[in-house]
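Chains A and B supply the protein sequences, listed in that same order. This note's numbering applies: residue 1 is where the first sequence begins, and numbers increase by one. This note's numbering applies: residue 255 is where the second sequence begins, and numbers increase by one. Ideal Cβ placement from N, Cα and C applies to all residues, glycine included. All values derive from a computational prediction rather than experimental measurement. Each remark here refers to the structure printed beneath this line.
Protein chains: 2
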Amino acid sequence: MILETPDKATLEDALRLAIESREFVQVIGPCEVVYVGRAASLTESGEYVVMLKPDGSLQVHGARGVKPINWQPKTDDLRVTRDEDDRVMLLAERRSPSELVQITFFEPRLMIALELRDEKVFQLHGSEAQMHEALKRNLSSLEIGLTLLEHELPVGVGDIDIYARDAQGCVVVIEIKRSKASQEAVHQLERYVSAVRLQLPPLFSAGVRGILAAPDISKPARKQLERLGLEFKVFTALPEEPKTVPQTGLFELA
Amino acid sequence: MILETPDKATLEDALRLAIESREFVQVIGPCEVVYVGRAASLTESGEYVVMLKPDGSLQVHGARGVKPINWQPKTDDLRVTRDEDDRVMLLAERRSPSELVQITFFEPRLMIALELRDEKVFQLHGSEAQMHEALKRNLSSLEIGLTLLEHELPVGVGDIDIYARDAQGCVVVIEIKRSKASQEAVHQLERYVSAVRLQLPPLFSAGVRGILAAPDISKPARKQLERLGLEFKVFTALPEEPKTVPQTGLFELA
DNA sequence: CGTTTAATCTCGACT
DNA sequence: AGTCGAGGTTAAACG
Numbered sequence: 001m002i003l004e005t006p007d008k009a010t011l012e013d014a015l016r017l018a019i020e021s022r023e024f025v026q027v028i029g030p031c032e033v034v035y036v037g038r039a040a041s042l043t044e045s046g047e048y049v050v051m052l053k054p055d056g057s058l059q060v061h062g063a064r065g066v067k068p069i070n071w072q073p074k075t076d077d078l079r080v081t082r083d084e085d086d087r088v089m090l091l092a093e094r095r096s097p098s099e100l101v102q103i104t105f106f107e108p109r110l111m112i113a114l115e116l117r118d119e120k121v122f123q124l125h126g127s128e129a130q131m132h133e134a135l136k137r138n139l140s141s142l143e144i145g146l147t148l149l150e151h152e153l154p155v156g157v158g159d160i161d162i163y164a165r166d167a168q169g170c171v172v173v174i175e176i177k178r179s180k181a182s183q184e185a186v187h188q189l190e191r192y193v194s195a196v197r198l199q200l201p202p203l204f205s206a207g208v209r210g211i212l213a214a215p216d217i218s219k220p221a222r223k224q225l226e227r228l229g230l231e232f233k234v235f236t237a238l239p240e241e242p243k244t245v246p247q248t249g250l251f252e253l254a
Numbered sequence: 255m256i257l258e259t260p261d262k263a264t265l266e267d268a269l270r271l272a273i274e275s276r277e278f279v280q281v282i283g284p285c286e287v288v289y290v291g292r293a294a295s296l297t298e299s300g301e302y303v304v305m306l307k308p309d310g311s312l313q314v315h316g317a318r319g320v321k322p323i324n325w326q327p328k329t330d331d332l333r334v335t336r337d338e339d340d341r342v343m344l345l346a347e348r349r350s351p352s353e354l355v356q357i358t359f360f361e362p363r364l365m366i367a368l369e370l371r372d373e374k375v376f377q378l379h380g381s382e383a384q385m386h387e388a389l390k391r392n393l394s395s396l397e398i399g400l401t402l403l404e405h406e407l408p409v410g411v412g413d414i415d416i417y418a419r420d421a422q423g424c425v426v427v428i429e430i431k432r433s434k435a436s437q438e439a440v441h442q443l444e445r446y447v448s449a450v451r452l453q454l455p456p457l458f459s460a461g462v463r464g465i466l467a468a469p470d471i472s473k474p475a476r477k478q479l480e481r482l483g484l485e486f487k488v489f490t491a492l493p494e495e496p497k498t499v500p501q502t503g504l505f506e507l508a
């Protein structure tokens with residue numbers, strides 16, 4: 001359904017109906033958006049594209065950028081009402097965290113409502129999970145003599161990507177990054193190495209090695225890494241087999 | 255401009271024209287999306303909403319979620335062509351990083367092209383930067399007797415949010431988080447405290463305190479914090495209940 | 001539920 | 001251009 005410059009009553013009814021029947025809805029035109037929740041925001045009245053998906057997620061797009069200016073990932077309550085000046089409002093509420101997005105429509109240029117078939121298969125190559133698999137199967141590509149001890153080992157402060165032993169018998173903590181490693185990645189590795197050292201007898205603590213495996217590393221990160229006595233090794237993911245991510249709906253439409 | 259079920263030639267011409275004149279464009283209907291760049295992805299043919307903004311950013315939305323299925327934050331080159339089966343294709347290319355999104359349209363249900371006035375003022379309240387300002391101006395709300403020494407003090411491994419002195423004359427390192435603090439925040443604070451201790455004479459090192467200021471803290475983080483002899487103090491950016499108790503909130507929603 | 005972490009993160013700021 | 005760090009991050013995985 002396409003409505004050009006709908007009047008208030010038409011917009012209101014159409015919105016209610018479309019929300020009720022869980023359609024994909026868009027309203028394009030001047031509006032004002034207020035958000036209160038984890039933070040608070042207020043847009044001056046301007047032209048935006050309001051997009052409401054069948055799963056209840058809401059986003060308001062401006063003229064620039066991939067990010068919406070306002071959004072609501074999940075809505076527990078969607079309401080269409082009128083404000084004190086009789087303008088049509090869309091309220092998207094969420095509990096936990098308590099959040100409210102309130103959109104006031106002025107003179108919408110366009111409203112669209114249609115059924116959007118849920119997407120099919122989506123295949124992504126080159127994820128970190130795939131790199132884990134690749135590295136697990138061929139640890140010696142990082143360094144001769146490495147043997148896998150654990151994968152995703154919980155260590156109190158998070159999970160260690162790869163926990164291994166080197167040819168000399170030393171414990172090795174490996175952190176994998178799918179793209180260029182930054183200082184944050186170094187901090188993360190450092191955190192895991194410290195945790196392991198604390199859990200081992202003092203005699204073995206000094207022997208614990210930390211390796212950052214990534215296709216590249218930033219210059220400051222490398223400096224920091226060396227200061228901490230940790231190591232960097234080039235590791236690039238060559239995806240062998242696409243990982244299938246089924247993006248099925250949260251609920252079925254009857 | 256609104257085109258319902260446009261044929262190939264109409265879609266192609268309209269797309270070219272709209273891109274040329276930097277309009278906001280949407281094409282809704284079955285299509286296939288291929289992405290190659292930092293990773294690689296492939297969508298099976300399905301119904302999507304393709305959104306092209308005047309700034310050249312591109313996003314492809316499915317039926318669920320705030321995040322697009324595919325996107326391109328910046329495009330250096332936008333092209334409309336035909337594939338080997340004569341289907342209309344939209345190519346969005348980007349250099350640095352080298353990325354390509356390729357959309358093949360099958361039988362579009364709808365195409366929209368319109369001018370979208372750039373957004374007006376957008377005000378966000380409750381950012382971490384604002385929390386810094388608020389805390390700086392009222393350090394004693396955290397603890398009586400605290401006096402500011404430095405803000406954003408660099409210490410090699412990053413900047414200390416707030417560097418202060420307590421009533422007893424001890425140095426205090428304060429780390430601020432705008433939302434619930436995790437173990438990573440604790441580790442960050444730990445790094446700063448250690449750095450400060452190393453820079454001070456041994457006599458003063460033991461007296462250095464570390465405070466994590468956030469609205470909340472996760473249970474494991476709290477445990478870790480206490481183990482390290484650090485402290486947590488509640489600090490919220492936004493007033494909890496502004497109307498019932500008109501207590502002076504740190505941030506006002508104008 | 002809460003917690004943690006990857007992400008084609010995006011986006012802005014700073015060097 | 002490169003790097004860093006916040007974000008109403010989102011979203012998924014795991015306990």
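query                                                                                                                                : result
Span separating the alpha-carbon of valine 304 (chain B) from that of valine 314 (chain B)                                           : 4 Å
Minimum Cβ-Cβ distance from isoleucine 160 (chain A) to chain B less than 8 Å                                                        : no
Whole beta strand (DSSP E) elements within the region 357–405 of chain B, 3-residue minimum                                          : 364–368, 376–379
Leucine 351 (chain B) and glycine 291 (chain B) closer than 8 Å at C-beta                                                            : The sequence given here has proline at residue 351 (chain B), not leucine. In this structure, glycine 291 (chain B) lies closer than 8 Å to proline 351 (chain B) by Cβ.
Assigned exposure category for lysine 473 (chain B) - 16 Cβ within 10 Å defines buried                                               : exposed
Proximal residues of chain A, C-beta to C-beta of serine 433 (chain B) below 7 Å                                                     : Arg38
Bridge partner(s) assigned by DSSP for threonine 81 (chain A)                                                                        : A:Met89
Under 9 Å by beta carbon: chain A residues contacting glutamine 356 (chain B)                                                        : In chain order: nothing, as chain A lies at least about 15 Å away.
Nearest-angstrom Cα separation, counted from alanine 421 (chain B) out to valine 427 (chain B)                                       : 14 Å
Alpha-carbon to alpha-carbon, serine 275 (chain B) and aspartate 331 (chain B)                                                       : 15 Å
Backbone CA spacing between glutamate 266 (chain B) and glutamate 286 (chain B) [nearest angstrom]                                   : 16 Å
Beta-carbon proximity check, methionine 89 (chain A) vs leucine 3 (chain A), cutoff 8 Å                                              : no
Selection of the region 88–100 of chain A by Cβ proximity to chain B, strictly under 8 Å                                             : none
Member of A:Ala134, A:Leu198, A:His187 whose CA lies at the smallest distance from the CA of glycine 229 (chain A)                   : A:His187
Residues within the region 116–147 of chain A neighbouring chain B, beta-carbon criterion of under 8 Å                               : Leu116, Arg117, Asp118, Glu119, Lys120, Val121, Phe122, Gln123, Leu124, His125, Gly126, Ser127
Proximity below 8 Å, CB of asparagine 70 (chain A) to CB of valine 27 (chain A)                                                      : no
Neighbour list for valine 196 (chain A) in chain B, Cβ cutoff strictly below 8 Å                                                     : Within chain B, no residue comes near valine 196 (chain A); the closest Cβ sits about 14 Å away, beyond 8 Å.
Whole-number beta carbon distance between leucine 189 (chain A) and alanine 164 (chain A), since they are thought to touch under 8 Å : With a Cβ gap of about 14 Å, alanine 164 (chain A) and leucine 189 (chain A) do not count as contacting.
Entirely enclosed alpha helix (DSSP H) segments - the region 1–62 of chain A, minimum 4 residues                                     : 8–20
Distance between isoleucine 19 (chain A) and threonine 236 (chain A) (C-alpha atoms, nearest Å)                                      : 46 Å
Proximal chain B residues relative to phenylalanine 24 (chain A), where beta-carbon distance stays under 8 Å                         : Val303, Ala317
Residue interval of the beta strand (DSSP E) (run including valine 427 (chain B))                                                    : 425–430
Beta-carbon proximity list for alanine 435 (chain B), same chain, < 6 Å, skipping 5 on both sides                                    : Leu466, Ala468, Ile471, Ala475
Lysine 219 (chain A) at chain B interface by Cβ criterion, 8 Å                                                                       : no
C-beta neighbour in chain B for arginine 191 (chain A), strict 8 Å                                                                   : yes
Contact with chain B by phenylalanine 251 (chain A), beta-carbon distance below 8 Å                                                  : With a pLDDT of 36 at phenylalanine 251 (chain A), under the threshold of 50, the predicted position of this residue should be treated as unreliable, though the coordinate-derived value follows. Answer no: the Cβ-Cβ gap between phenylalanine 251 (chain A) and chain B never drops below 8 Å.
Straight-line Cα distance separating lysine 328 (chain B) from tyrosine 289 (chain B)                                                : 14 Å
Nearest neighbour of histidine 386 (chain B), chosen from B:Gly410, B:Arg432, B:Phe359 [CA to CA]                                    : B:Arg432
Cβ-based burial, proline 54 (chain A) [other Cβ within 10 Å; buried from 16]                                                         : buried
Chain B within 8 Å of glutamate 107 (chain A), Cβ atoms only                                                                         : no
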